[in-house]
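Participant: Sending over a structure as structure tokens; questions will come in a sec.
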Amino acid sequence: DIAFTDFDVELQVRSQPLEDFPQIPAFTCGLVAEHDFCELRETMKKVSVASSKDEKRPALCSLLLSYKDGNMAATDSYRMAVYEAGWQGEEEAEILLEAKVVREILKLKAAGPARVLYDGEHNVAQICLDGMRITTRCCEGKFPKYVSFVEDGKGNPIRVRVSAKEFADAVAKVGFGNVT
Numbered sequence: 047d048i049a050f051t052d053f054d055v056e057l058q059v060r061s062q063p064l065e066d067f068p069q070i071p072a073f074t075c076g077l078v079a080e081h082d083f084c085e086l087r088e089t090m091k092k093v094s095v096a097s098s099k100d101e102k103r104p105a106l107c108s109l110l111l112s113y114k115d116g117n118m119a120a121t122d123s124y125r126m127a128v129y130e131a132g133w134q135g136e137e138e139a140e141i142l143l144e145a146k147v148v149r150e151i152l153k154l155k156a157a158g159p160a161r162v163l164y165d166g167e168h169n170v171a172q173i174c175l176d177g178m179r180i181t182t183r184c185c186e187g188k189f190p191k192y193v194s195f196v197e198d199g200k201g202n203p204i205r206v207r208v209s210a211k212e213f214a215d216a217v218a219k220v221g222f223g224n225v226t
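Position in the sequence shown (from 1) plus 46 gives the number in my numbering.
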């Protein structure tokens, strides 16, 4: 215990031995990629709206950073958001960040370069920026094979062109309100 005394006030702080705390396992994260943090945060913000709120489905509550496909993706199985960033990394890692970690990253007001590191053996990721290091265990589940929804099987992106006016009229007709 530590005691602080100042004039007529005494404060006691209880402490615990270091051995009582769980040990963080040793791991070695290799550099996957470097991003501008503001761009990374904005991309996470846009894509995370499609992630599930159902914590019983952890892979769907997560955000996928795919350095294999160069994309960021999220889905709740009813909707999907994919940001085709064209990212390339030092390795073709697919990092599945849990929603609670993404929420904490979105709160950060940092700027500048952010390094993404990953240890696939221990499934641990780190995001290093502005003198901070966020270390997290990644989601254990598998993210759905979303590429089959955005590519035709030959590596060509699927694109649909519609008239903006006709689309807005159709959406208004089914009762989603005023769309512009």
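Backbone N, C-alpha and C fix where the C-beta goes; we use that ideal spot for every residue, glycine too.
#1: Kindly indicate which residue of Asp-115, Glu-136, Lys-102 and Glu-140 has the alpha-carbon position closest to the one of Asp-122.
#2: Output the boundary residues of the alpha helix (DSSP H) element that contains Thr-89.
#3: Quick test of your reading: Gly-158 and Gly-132, contact by CB under 8 angstroms. State the CB separation rounded to the nearest angstrom.
#4: Can you give me the Cβ contacts of Glu-130 inside the same chain, cut-off strictly under 6 angstroms, excluding the 5 residues immediately before and after it?
#5: For His-94 and Asp-165, I'd like the C-alpha separation in whole angstroms.
#6: Kindly indicate the opening and closing residues of the beta strand (DSSP E) around Ala-127.
#7: What residue from Met-90, Ser-98 and Glu-137 has the CA that sits closest to Tyr-113's CA?
#8: Could you tell me the distance, in whole angstroms, from the CA atom of Ser-97 to the CA atom of Leu-154?
#9: Does the distance between the C-beta of Glu-101 and the nearest non-hydrogen atom of the ligand MN fall short of 7 angstroms?
#10: I'd like to check one pair, Leu-142 with Thr-182: are the Cβ atoms closer than 8 angstroms?
#11: Name the DSSP beta bridge partners of Thr-121, please?
Facilitator: Let me spell this out:
#1: Taking the sequence shown and counting its residues from 1, the one referred to as residue 122 is at position 76. Closest option to Asp-122, Cα to Cα, is Lys-102.
#2: Translated into positions along the sequence shown, residue 89 becomes position 43. Run containing Thr-89: 83-93, per the alpha helix (DSSP H) assignment.
#3: One-based indexing of the sequence shown puts residue 158 at position 112. One-based indexing of the sequence shown puts residue 132 at position 86. Between Gly-132 and Gly-158 the Cβ distance is about 21 angstroms, and since that is not below 8 angstroms, they are no contact.
#4: Taking the sequence shown and counting its residues from 1, the one referred to as residue 130 is at position 84. If we look at Glu-130 and ignore the five residues flanking it on each side, its Cβ neighbours are Asn-117.
#5: Taking the first residue of the sequence shown as 1, we reach residue 94 at position 48. Taking the first residue of the sequence shown as 1, we reach residue 165 at position 119. The residue you asked about is not His; residue 94 is Ser in the sequence shown. Cα-Cα distance, rounded: 23 angstroms.
#6: One-based indexing of the sequence shown puts residue 127 at position 81. Segment 126-130, the beta strand (DSSP E) holding Ala-127.
#7: Here residue 113 refers to the residue found at position 67 of the sequence shown. Nearest option by C-alpha distance: Glu-137.
#8: The sequence position of residue 97 within the sequence shown is 51, counting from 1. The sequence position of residue 154 within the sequence shown is 108, counting from 1. Straight-line Cα distance between these residues: approximately 20 angstroms.
#9: The ligand MN is absent from the structure shown, which contains no ligand whatsoever.
#10: Position 136 of the sequence shown holds residue 182. Position 96 of the sequence shown holds residue 142. The answer is no: Cβ separation not under 8 angstroms.
#11: If you number the sequence shown from 1, residue 121 lands on position 75. Bridge partners of Thr-121: Met-126.
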